[in-house]
Amino acid sequence: MSTPNTTVKPSTIFFRVLRYTLVYKGRIIVVLAAMLLFSAFQVLPLALIEPLADNHLGKREGTVSSREILVHFKDGTQKNLVDLLPHPTYLEWLKDYPVLRSIVVSENREAPKVRMDTAGLVLSATAIQVPYRPLNPLAKTEWKTLEEAQPEYAGNIQSFSRSTPAIQPAPLWIYALIVPILYFIKGIFGVLRHVVLAWVALNVVRDIQNDLYKRMLQQPVGFFRQSRTGDLISRLVNDVTVLSSQVVGVLQDLIQSPFEIIAAVSMAFIIDWELALTFFFVIPLLAIPMQVMSRKIRKASRRAQEKRADISSVLVETLTGVEVVKAFNMQEYELSRYSDETLSLLRREMRIRKARAFSSPATEQIAAFGIAAVILIAMWRMAQDPQVGFGTLASIAGLITATIKPIDRFWKARLLGGDVCLKQTHFRSHGP
9 MSTPNTTVKP
19 STIFFRVLRY
29 TLVYKGRIIV
39 VLAAMLLFSA
49 FQVLPLALIE
59 PLADNHLGKR
69 EGTVSSREIL
79 VHFKDGTQKN
89 LVDLLPHPTY
99 LEWLKDYPVL
109 RSIVVSENRE
119 APKVRMDTAG
129 LVLSATAIQV
139 PYRPLNPLAK
149 TEWKTLEEAQ
159 PEYAGNIQSF
169 SRSTPAIQPA
179 PLWIYALIVP
189 ILYFIKGIFG
199 VLRHVVLAWV
209 ALNVVRDIQN
219 DLYKRMLQQP
229 VGFFRQSRTG
239 DLISRLVNDV
249 TVLSSQVVGV
259 LQDLIQSPFE
269 IIAAVSMAFI
279 IDWELALTFF
289 FVIPLLAIPM
299 QVMSRKIRKA
309 SRRAQEKRAD
319 ISSVLVETLT
329 GVEVVKAFNM
339 QEYELSRYSD
349 ETLSLLRREM
359 RIRKARAFSS
369 PATEQIAAFG
379 IAAVILIAMW
389 RMAQDPQVGF
399 GTLASIAGLI
409 TATIKPIDRF
419 WKARLLGGDV
429 CLKQTHFRSH
439 GP
């Protein structure tokens, strides 16, 4: 009789591996820092889509930047119109870095577009209309005079005039230079993350393998009499080999994927929190088919690994008893038995391949619906709010797309092939 073949939950398997991993705390901290920076530099190029598109492609007819308008007050003072309009708080953090501000901030957000009723160098106090958005987030943005939108200036404005803005949007060549640099830095952190994590993971596999062998040697003789030799060999060779090939990728996906998802969602909320709410619609829908497929793949992988142990047992029994096989002319019987086992393994492997084949199209289709929802909501927002441009839509859609693979990797990152190995790592200490 072999050891019991009970099913272990994936969470239990994960915590067993985690216990071995925590021995290498110092390198784990390095891995986490590299993963965090890798995720940040992965979403930065997508965040640059908004300022790039809005500053160079998002010109609307009949509007000018509030940075180009000077407000003349009756007391003789003058201020730039952009300084009088409300703007996001995070722009204050970049106030002392005008070059960086011109690169990473959309002109629509920093200097909202205003309407001009008439043309000329000097304009009346009612010739300029600024966007005014009510407190209700679903309400449409209205065009009002500055005195109507900002009552504290009522009766103090004498006129407006055009001026050349002191800060110009960053030229296109700056973006062409920055994007390769960002990907190069991201690649450095990616290499560091992978190499250090591989060192940790391979040492974890070595520790598990040594622990498995140690515990097997501690078993009483009765354990070996009741266990199949091929099954024990399979645990020490096949299961650990599968675990070794998967543990690096699994640990990386389980840790890295949440960082990438959090980075993308956080950047989306920084760009436009209303459009970013779409994530709470898309991510749960993506999780449903992934969970179903993951369960099927995990179940089929566990059965396939158990079938490999059966094949090893057939081989050991045949090779150790080859004289008996030859004496009783049982070659055809043994061949038939071995063929049945390999056919069963083939069918189980095909179930794994089919589940994986269906998982990617299913998640991509749901993600496509999510992007379609973003486009529709963005079209409505662009009609409601002039500060929302094409760049905002493109950035949010890109960030949603960037979460598809991390979510997919996270749900699939289960120690599928190592299930059998890990649940047999701790043999019973006393008796068979």
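The sequence shown begins at 9 in our numbering and counts up one residue at a time.
The beta-carbon is built from N, C-alpha and C at its ideal position, and this holds for glycine as well.
| Check | Outcome |
| --- | --- |
| Gln166 (DSSP reduced to helix, strand or coil) | strand |
| Minimum C-alpha distance to Leu240 - residue among Leu283, Ala335, Glu314 | Glu314 |
| From Leu401, Ile269, Asp62, Gln299, residue whose alpha carbon lies closest to that of Ile412 | Ile269 |
| Closest Cα partner of Val79 within the set Leu30, Leu154, Leu384, Ser47 | Leu154 |
| With 16 other Cβ atoms within 10 Å as the buried cut-off, status of Pro12 | Low local confidence applies: a pLDDT of 45 at Pro12 is under 50, so the model's placement there is unreliable, with the coordinate-based value given in what follows. Classification for Pro12: exposed. |
| Nearest-angstrom Cβ-Cβ length linking Leu54 and Leu407, presumed shorter than 8 Å | 5 Å |
| Nearest-angstrom Cα separation, counted from Lys334 out to Val31 | 52 Å |
| Tyr140, enclosing beta strand (DSSP E) - first and last residue | 136-140 |
| Three-way DSSP call (helix, strand, coil) for Arg123 in this model | strand |
| Best match in Asn63, Thr371, Gly163, Arg201 for proximity to Leu44 [C-alpha to C-alpha] | Arg201 |
| Through-space distance from Met358 to Gly230, alpha-carbon basis | 37 Å |
| Secondary structure of Ala152, DSSP reduced to three states | The sequence shown places Lys at residue 152, rather than the Ala named in the question. In this structure, Lys152 counts as strand in the three-state DSSP scheme. |
| Limits of the unbroken beta strand (DSSP E) element including Asn211 | No beta strand (DSSP E) holds Asn211; the alpha helix (DSSP H) holding it covers 180-225. |
| For Phe81: DSSP bridge partner residues | Ile165 |
| With 16 other Cβ atoms within 10 Å as the buried cut-off, status of Pro177 | buried |
| Under 7 Å between C-beta atoms of Ile193 and Phe49 | yes |
| Proximity winner among Leu93, Ile360, Ser114, Met301, relative to Asn63 (alpha-carbon distances) | Ser114 |
| Collapsed DSSP secondary structure at Thr172 in the structure displayed | coil |
| Close Cβ partners of Thr237 (< 6 Å) along its chain, the five nearest in sequence each way excluded | Val324 |
| Local conformation of Asn337 per DSSP, three classes | coil |
| The stretch 278-298 / the stretch 335-346 touching (three or more Cβ pairs under 8 Å) | no |
| Beta carbon of Ala271 nearer than 7 Å to that of Ser47 | yes |
| Beta-bridge pairing of Val90 - partner residues as DSSP gives them | Bridge partners of Val90: none, in fact. |
| Asp427 classed as buried or exposed, judged by whether at least 16 other C-beta atoms fall within 10 angstroms | In this prediction, Asp427 scores a pLDDT of 47, lower than 50, which makes its location untrustworthy; no coordinate-derived value is stated. |
| Span of the alpha helix (DSSP H), counted from its first residue to its last, around Ser73 | Element bounds for Ser73: not the alpha helix (DSSP H) but the beta strand (DSSP E), 71-73. |
| Cα-Cα separation between Arg364 and Leu327, rounded to whole angstroms | 36 Å |
| Sheet register partners of Ser367 (DSSP bridge) | The partner list for Ser367 (beta bridge, DSSP) is empty, contrary to what the question assumes. |
| Distance, Ile263 Cα to Val27 Cα | Looking at the sequence provided, one finds Arg at residue 27 rather than Val. Those two C-alpha atoms are separated by around 15 Å. |
| Inter-residue spacing [alpha-carbon to alpha-carbon] between Thr71 and Val138 | 10 Å |
| Nearest-angstrom Cα separation, counted from Arg214 out to Arg24 | 14 Å |
| Inter-residue spacing [alpha-carbon to alpha-carbon] between Met9 and Arg233 | Its pLDDT being 39, under 50, Met9 is placed unreliably by the model, and nothing is read from it. |
| Assigned exposure category for Arg58 - 16 Cβ within 10 Å defines buried | Looking at the sequence provided, one finds Glu at residue 58 rather than Arg. Classification for Glu58: buried. |
| Three-state secondary structure assigned by DSSP to Ser114 | coil |
| Straight-line gap, Leu56 to Ile111 (C-alpha atoms, nearest Å) | 8 Å |
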